[in-house]
Structure formats: C-alpha cells, structure tokens
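Asker: Let me begin by handing over the structure; questions about it come next.
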Amino acid sequence: DGGITQSPKYLFRKEGQNVTLSCEQNLNHDAMYWYRQDPGQGLRLIYYSQIVNDFQKGDIAEGYSVSREKKESFPLTVTSAQKNPTAFYLCASSDWWENGSEQFFGPGTRLTVL
Amino acid sequence: EDKVVQSPLSLVVHEGDTVTLNCSYEVTNFRSLLWYKQEKKAPTFLFMLTSSGIEKKSGRLSSILDKKELFSILNITATQTGDSAIYLCAVEDYGGSQGNLIFGKGTKLSVKP
C-alpha cells in the first residue's frame, strides 16, 4: 500500500518539552511538507523539503525544526520555543509535474500541550 | 503578499440542494489551483485546475477556473449528508522551483437530512 503515515495519532506534551512528530512516505516523492491547522485558520506551512538533506522555512517556522536525512522520512520537532503548539499537524508529499503538483496528505497528529 | 480567500466560511444546506463554493486568489506565479475535501483528518484531493485544464467534473462535483478574474468555484449538485466536510482551496505558487501550496481557510459545508 502506497501512502503517507504519521505517528503518533495523538500526542500530549508538558510545557517546556520538545516532541518529535514522525512522517514517512513510500510514494517515492521528492518533496515533503509540514502544515499546522488551527480552527478557522486553514493550513499554514511550517517547513518543506524538496530534496534529501535540504529544507526551507515556511510561513510559521519559529519554534519548529526538521531534518531530511532520507527521502522517505521528514520528522518535525516542536520545541519549547513554540509558544502555542496545541494544533493539528499534517504532513504531505508530492512529486513534481510540469503543470502542477498534487500534494498527498497523511492522517495527521493532534498535539495537545498540558 | 500572496493570498487565497474562500467564501462563504460556512454553509448549511439540505439534502438535494446545489451549492457553490468560491475561491479567489492573488498569487505572484500561479501554476495550479487545487480543491481538497477534509472530513475528519487528512484532506483528500478532488481537482487540480491549470492553464491547460480550466474545467473539471467528477460525478456531482464540478469546478471551473477563471484565470482572468482570478477565481475558482466548486459546485456540488444534489448534495448528500456525506458531502458534509471542510472544502479547502489551495493555489500553487511556482517560484522557479517546485511550487508550494497556499491554502484558504476553507468552507465548512453541513448538509442536513
């Protein structure tokens, strides 16, 4: 089965702790993305990576970090510097086509800070 | 600044009604516009509209892209309760390399029996 997996499904964190969200894809896509979704806010881009060992900040990168050591994996770390981390986090991947790139989404991780 | 605006933000209809969801955009380097349906978790892909494909149809859903007026609409005919979801519009901004998606805030559609 080809697709994107995210884990865990639900994550609870105490203030001051770093947590890492996992994202794996077996679609052989070059590009991967992390989004944050808050009620009424739509999806906002945190980080993206177009190729292994390279990544770029999105619109709301502060307080987050990523790595892209393997094509299949793009983990997101939510650091203690992120002031309001409670949200739904979505990972996506895409291939590149001349006319447009459809992004495929994972099932998401809901992070709650206690 | 690039932006994508969807309207209305929420909509309540009854089964059998026809609905039209709107998406307007201002993007520097437009490449494509995508519609997604989000029920409980991951958004699922509906349509991609580009310069070479400005009208798409699948069953009761259809979408058009007006590149001159910078908007798209998503039509759903004979709505069913299973159409209840958040519908997301996203525009791909192609800045010389692989494009990134800019999302609107979504339209929450509720279909009552």
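Quick mapping for you: the protein sequence lines, in order, are chains A and B.
No gaps in the numbering here: position 74 of the first sequence is 191 in this note's numbering, and each next residue is one more.
No gaps in the numbering here: position 42 of the second sequence is 943 in this note's numbering, and each next residue is one more.
Backbone N, C-alpha and C define an ideal beta-carbon position, used for all residues, glycine too.
Asp994 (chain B) by DSSP, collapsed to three states: which one?
Answerer: By one-based count along the second sequence, residue 994 (chain B) stands at place 93. The answer is strand: DSSP assigns Asp994 (chain B) an E or B state.
Asker: Grab me the residues of Arg161 (chain A)'s own chain with a C-beta within less than 7 angstroms of its C-beta, minus the 5 sequence neighbours each way, in chain order.
Answerer: The residue you call residue 161 (chain A) lines up with position 44 of the first sequence. Setting aside the 5 residues that flank it on each side, Arg161 (chain A) is surrounded in the same chain by Tyr152, Arg153, Asp176 and Ile177, each with a C-beta closer than 7 angstroms to its C-beta; the list follows chain order.
Asker: Do Gln123 (chain A) and Leu144 (chain A) have their C-beta atoms closer together than 8 angstroms?
Answerer: Translated into positions along the first sequence, residue 123 (chain A) becomes position 6. Translated into positions along the first sequence, residue 144 (chain A) becomes position 27. Not in contact: Gln123 (chain A) and Leu144 (chain A) (Cβ atoms no closer than 8 angstroms).
Asker: Along the stretch 923-955 of chain B, what residues have a CB closer than 7 angstroms to any CB found in chain A?
Answerer: Arg932, Ser933, Leu935, Lys942, Ala943, Pro944, Phe946, Met949, Thr951 and Ser953
Asker: From the DSSP secondary-structure annotation, give me the bridge partner or partners of His915 (chain B).
Answerer: As a working mapping, residue 915 (chain B) is identified with position 14 in the second sequence. Paired residues: B:Lys1013.
Asker: Looking only at C-alpha atoms, which of A:Ala209, A:Lys187, A:Asp171 and A:Gly180 sits nearest to Asn135 (chain A)?
Answerer: Position 18 of the first sequence, counting from 1, holds the residue named residue 135 (chain A). Minimum Cα distance to Asn135 (chain A) is reached at A:Gly180.
Asker: Within the same chain, show all residues whose beta-carbon is closer than 7 angstroms to that of Leu966 (chain B), passing over the 5 residues directly before and after it, in chain order.
Answerer: Here residue 966 (chain B) refers to the residue found at position 65 of the second sequence. Correct list, in chain order: Leu934, Leu950, Ile955 and Ser973.
Asker: Hey, is the stretch 181-197 of chain A in contact with the stretch 907-920 of chain B, meaning 3+ C-beta pairs nearer than 8 angstroms?
Answerer: no
Asker: Listing by chain order, which chain B residues have their CB less than 9 angstroms from the CB of Leu228 (chain A)?
Answerer: Position 111 of the first sequence, counted from the first residue, corresponds to residue 228 (chain A). Chain B residues near Leu228 (chain A): none, gap ~14 angstroms exceeds 9 angstroms.
Asker: Using only alpha-carbon positions, find the residue among A:Ile168, A:Arg185, A:Ala204 and A:Ile163 that is nearest to Leu128 (chain A).
Answerer: As a position in the first sequence, residue 128 (chain A) is number 11, starting the count at 1. Among A:Ile168, A:Arg185, A:Ala204 and A:Ile163, the Cα nearest to that of Leu128 (chain A) is on A:Ala204.
Asker: Report the rounded CA-to-CA distance for Asp212 (chain A) versus Leu231 (chain A), giving the unit in angstroms.
Answerer: The residue you call residue 212 (chain A) lines up with position 95 of the first sequence. The residue you call residue 231 (chain A) lines up with position 114 of the first sequence. Their Cα atoms are separated by approximately 37 angstroms.
Asker: By a C-beta neighbour count over all protein chains shown, 10 Å radius and 16 as the cutoff for buried, is Gln939 (chain B) buried or exposed?
Answerer: To locate residue 939 (chain B), count along the second sequence from 1; it is residue 38. The residue is buried, with at least 16 neighbouring Cβ atoms inside 10 Å.
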